[in-house]
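Engineer:
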Amino acid sequence: AALTMKILLNTLPKGKSEEIFDTLEPLINAEGMDWEPLELILKLEINNQNPNYYLHGDINTKGRFICSKGLESFEDTLKSDFDVLVTFDEKEFSIDNDDVFLMQTGEVIFDLDNLLRETIFTSRPIAHCCEENCPEFEKLIALVGAEQDIDDRWLNLRNMFKEETN
């Protein structure tokens, strides 16, 4: 297991190679974490065409999340991926492209941590539920009870927003 998610560009074989990282290090104490990471595996495919390095990463992240409906803890696996170009060639670099990283002459280490965190955070659903019909949510609805009849004093307010059907 690798200790950090860094690749040494000057040690990569020419052509295609693969590395597997299995450390939680990039997620430990990361800002904006509202879930507990349990496992992180990055399968990184590298195509070394010096001065260009094409990287494709497949990420599997297992974690403990809070259901946005039932508010209970549950485990889930997030799957995400990325494709980036790491280059020493300024002609390949475009300010408008977030998927291109320009390295300076003499730099040999490319750190995957920020790229990995960003990819994982953007892959998480906005409403992350344990299952479609969350049992805890169903219990909450039952506790609240059936919708009560609307107080007649509010009917006029509700009717104000109905469209005319003339």
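Numbering (our numbering), first residue to last: 144 to 309. Glycine included, each C-beta is placed from N, C-alpha and C at the ideal position.
Taking the alpha carbon of lysine 157 as the reference point, which residue from Arg267, Lys282, Asn195, Glu174 has its own alpha carbon closest?
Structural biologist: Checked all of Arg267, Lys282, Asn195, Glu174; the closest Cα to lysine 157 is Asn195.
Engineer: Just checking my contact of leucine 187 with leucine 170 at CB under 8 Å: how many whole Å lie between their CB atoms?
Structural biologist: Actually they are not in contact, since the Cβ atoms of leucine 187 and leucine 170 sit about 16 Å apart, beyond 8 Å.
Engineer: Pull up the distance between the alpha-carbon of phenylalanine 253 and that of isoleucine 150, whole angstroms please.
Structural biologist: In a straight line, the C-alpha of phenylalanine 253 is about 5 Å away from that of isoleucine 150.
Engineer: Please classify lysine 159 as buried or exposed, where buried requires at least 16 other C-beta atoms within 10 Å of its C-beta.
Structural biologist: When all chains shown are included, lysine 159 counts as exposed.
Engineer: Let me make sure I understand the geometry here. Which of His271, Gln192, Leu286 has the alpha-carbon closest to that of threonine 154?
Structural biologist: Closest option to threonine 154, Cα to Cα, is Gln192.
Engineer: Between which residues of its own chain and aspartate 256 is the CB-CB distance below 6 Å, once the five residues before and five after are set aside?
Structural biologist: Counting only Cβ-Cβ distances below 6 Å, and skipping sequence neighbours, we find Met148, Pro169.
Engineer: Just to confirm, are aspartate 177 and isoleucine 202 a CB contact at a threshold of 9 Å?
Structural biologist: No; because the gap between Cβ atoms is not below 9 Å, this pair is not in contact.
Engineer: Express the C-alpha separation of histidine 271 and valine 287 in angstroms, rounding to a whole number.
Structural biologist: Between valine 287 and histidine 271, the C-alpha separation is close to 22 Å.
Engineer: Considering only C-alpha positions, which residue in the set Glu274, Arg296, Asp295, Leu183 is nearest to glutamate 215?
Structural biologist: With distances taken between Cα atoms, glutamate 215 lies closest to Glu274.
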